[in-house]
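K.L.:
Listed in order, the protein sequences are those of chains A and B. Taken in order, the first sequence gives residues 3 to 93; the numbers are from the working numbering. Taken in order, the second sequence gives residues 3 to 93; the numbers are from the working numbering.
Protein chains: 2
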Amino acid sequence: MLKALAEPIRLQLIEVLGNGERCVCELTSELGMAQSKLSFHLRVLKEAGLLNAREEGRWVYYSLKPEALQELRTWLGDLASRCTVPASPCC
Amino acid sequence: MLKALAEPIRLQLIEVLGNGERCVCELTSELGMAQSKLSFHLRVLKEAGLLNAREEGRWVYYSLKPEALQELRTWLGDLASRCTVPASPCC
DNA sequence: AGGTTTCATCAACTCTAGTTGATTTATGCT
DNA sequence: AGCATAAATCAACTAGAGTTGATGAAACCT
């Protein structure tokens with residue numbers, strides 16, 4: 003899931019979809035990129051569980067899955083609270 | 003920063019450091035991996051601003067930077083709250 | 001049916017990121 | 001000084017992820 007997020011183009015996608023659902027053709031023109039390229043990255047994000055795809059006729063609308071983002075958020079929160087425990091000198 | 007997080011070995015490191023500061027030699031033996039490899043990944047994490055390095059004699063202790071984790075958390079929170087706005091039909 | 005549009009998929013290529021083993025630097029010990 | 005240990009760095013190699021252009025499948029229109 004993190005691997006899916008960690009790529010410039012996919013981050014762009016995430017930011018755009020952060021403003022709500024978009025269809026592929028909107029994304030293609032907004033980001034000005036080859037359709038196969040876009041499709042590839044959408045696939046990666048979808049398979050990582052970060053995106054919903056809603057088909058409507060010949061259009062496909064993608065949107066972010068808030069649950070997935072929430073899951074990551076929780077993990078980061080746990081880490082941040084645990085990581086400050088005092089060190090035991092090594093060796 | 004996300005790119006730094008999104009790698010299996012670095013995730014392992016993050017999880018271990020999630021339990022508090024560790025020195026490199028501890029990490030080497032705990033994770034059983036080549037020292038140069040470990041050093042490479044620590045560098046990536048450090049340059050991404052995710053880690054603190056504290057030198058003590060010939061040892062170096064690494065720890066997570068809670069602020070960095072918090073920053074990501076905030077970003078995810080914003081996305082999660084924005085991304086549910088209704089769609090405007092395209093084309 | 002025939003043509004068009006939207007999107008997904010594929011194979012070939014490119015490039016970036018990670019691995020490996022050797023070397024270097026710095027600290028500490030006897 | 002001489003040696004050992006901890007960690008960083010480097011160059012050569014490898015592998016995986018991303019790109020590109022072409023092709024394919026499905027929905028819609030006239």
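Don't be surprised by glycine CBs; every beta carbon is placed ideally from N, CA and C. As the structure is a computational prediction, the values presented were derived from the model and not from experiment.
List, in order along the chain, the chain B residues whose C-beta lies closer than 9 Å to that of G51 (chain A)?
P.N.:
Here the premise fails: no neighbours, minimum Cβ distance about 14 Å.
K.L.:
Whole angstroms is fine: what's the gap from G20 (chain B)'s alpha carbon to P91 (chain B)'s?
P.N.:
Cα to Cα, the separation comes out at about 44 Å.
K.L.:
In angstroms with no decimal places, state the Cα-to-Cα distance between V62 (chain B) and L13 (chain A).
P.N.:
Rounded to the nearest angstrom, the two C-alpha atoms are 33 Å apart.
K.L.:
Going by beta-carbon coordinates alone, are A6 (chain B) and L71 (chain A) separated by less than 7 Å?
P.N.:
Contact: no.
K.L.:
Under 8 Å: do the segment 73-80 of chain A and the segment 42-49 of chain A share three or more Cβ pairs, one atom per stretch?
P.N.:
No, the segment 73-80 of chain A does not touch the segment 42-49 of chain A.
K.L.:
So, does the CB of K39 (chain A) fall closer than 7 Å to a CB anywhere in chain B?
P.N.:
It does not; no Cβ of chain B falls within 7 Å.
K.L.:
What residues in the segment 20-33 of chain B have a beta carbon less than 8 Å from any beta carbon of chain A?
P.N.:
Answer in chain order: G20, N21, G22, E23, R24, C25, C27, E28.
K.L.:
Relative to the alpha-carbon of V18 (chain A), which residue among A:Q37, A:S38, A:A55, A:Y64 has its alpha-carbon at the smallest distance?
P.N.:
Of A:Q37, A:S38, A:A55, A:Y64, the residue nearest in Cα terms is A:Y64.
K.L.:
When the cut-off is 7 Å and only beta carbons count, does A36 (chain B) lie next to chain A?
P.N.:
No, no contact with chain A.
K.L.:
Taking Cβ positions only, does G59 (chain B) come closer than 7 Å to chain A?
P.N.:
It does not; no Cβ of chain A falls within 7 Å.
K.L.:
For Q14 (chain A) and chain B, any beta-carbon pair shorter than 7 Å?
P.N.:
No - not a single Cβ of chain B is within 7 Å of the one on Q14 (chain A).
K.L.:
At least one CB of chain B closer than 7 Å to the CB of K5 (chain A): is that the case?
P.N.:
Yes, K5 (chain A) lies at the interface with chain B (some Cβ there is under 7 Å from its Cβ).
K.L.:
Check whether chain A comes within 7 Å of V87 (chain B), counting only Cβ atoms and requiring the distance to be less than that.
P.N.:
Answer yes: the Cβ-Cβ gap between V87 (chain B) and chain A drops below 7 Å somewhere.
K.L.:
Is A50 (chain B) closer than 7 Å to M3 (chain B) when the C-beta atoms are compared?
P.N.:
Going by C-beta atoms, M3 (chain B) is nearer than 7 Å to A50 (chain B).
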